[in-house]
Amino acid sequence: MNKYKVSKIYSEEIVEVINVSTIASKGVADGKNLPVVFIDTSKRPDVREAILNHRYVATGDVITQWGRLSKKDYNNIYLIVEMKRPVECKFTIHFLTEKHGHIIDMIIFNGGFYLQSAEDGKKVVEALNAPRILIEVTTRSFKKEWDEIYHKVIVEVLKRTRKLSSKEACQQADDIINNIRKIRNFRMK
Numbered sequence: 001m002n003k004y005k006v007s008k009i010y011s012e013e014i015v016e017v018i019n020v021s022t023i024a025s026k027g028v029a030d031g032k033n034l035p036v037v038f039i040d041t042s043k044r045p046d047v048r049e050a051i052l053n054h055r056y057v058a059t060g061d062v063i064t065q066w067g068r069l070s071k072k073d074y075n076n077i078y079l080i081v082e083m084k085r086p087v088e089c090k091f092t093i094h095f096l097t098e099k100h101g102h103i104i105d106m107i108i109f110n111g112g113f114y115l116q117s118a119e120d121g122k123k124v125v126e127a128l129n130a131p132r133i134l135i136e137v138t139t140r141s142f143k144k145e146w147d148e149i150y151h152k153v154i155v156e157v158l159k160r161t162r163k164l165s166s167k168e169a170c171q172q173a174d175d176i177i178n179n180i181r182k183i184r185n186f187r188m189k
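The numbering of the sequence shown is full-length UniProt numbering, which starts it at 1 and goes up by one.
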């Protein structure tokens, strides 16, 4: 049984990832390298408003859940975010494993990410002082399933783009994931 299969994701709740980056800061999340996920809030002004309102409070309550619509679909990963406080807001971030796998990996292993509206800039350097919120993602139980998904997607990409055999692609996928995780484990001290 796939406990991370989500039976319904409502299209009106989905926000697309526009860009990603990372930030590591002393004093935040023990200096861990955390992703910054820039989302398209043009169709969800309530999400942008929730981000803006959050800057006036030190903490909030958020529930998160990883999922996918089909056990066979490895490229579409969803993170359902339900903000309870200071503002109630529910939305679903749509990640593409081929494009955002390294960011999903970093979120799972480092336990969180910054969320920022792309309306305030699509790169950290453009929007350094723009409102963003730190969202803790405690659903680390998704890790085992994620490891299988991530490896499978990288193998398929290597086979398709580099015309490698399955064995060669598996070996290279292991190397790629290990190198990505070295960056993921970077900390500011």
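Note that beta-carbon positions come from the ideal geometry of N, C-alpha and C, so glycine has one too.
Looking at the backbone, the Cα of Lys143 and that of Arg55 are separated by about 30 angstroms. Here Asp40 is buried: its Cβ has 16 or more other Cβ atoms, across all protein chains shown, within 10 Å. Taking a 10 Å sphere around the C-beta of Thr139, we find 16 or more other C-beta atoms and assign the residue as buried. In the DSSP assignment, Tyr150 falls within the alpha helix (DSSP H) that extends over Lys143 to Arg162.
If the five residues before and after Glu82 are omitted, its C-beta is found closer than 6 angstroms to the C-beta atoms of Ile63 and Lys90, all from its own chain and listed in chain order.
For Arg85, same chain residues with a beta-carbon under 6 angstroms away, outside a window of 5 residues either side, are Gly60 and Asp61 in chain order. Assignment of alpha helix (DSSP H) within the segment 29–110, counting only whole runs of 4 or more residues, yields 45–54 and 97–110 in chain order. DSSP, read as helix, strand or coil, puts Asn179 in helix. Where Phe113 is concerned, the enclosing beta strand (DSSP E) starts and stops at Gly112 to Ser117.
Val137 is not bridged by DSSP to any residue.
Ser21: member of the beta strand (DSSP E) spanning Ile14 to Ala24, first to last residue. The straight-line gap separating the alpha-carbon atoms of Ile104 and Thr97 is approximately 8 angstroms.
Counting of Cβ neighbours within 10 angstroms places Val47 among the buried residues, the total reaching 16 or more.
In this structure, the alpha-carbon of Phe113 lies about 26 angstroms from that of Val155.
By the Cβ neighbour-count rule, Arg162 is exposed, with fewer than 16 other Cβ atoms within 10 Å of its own.
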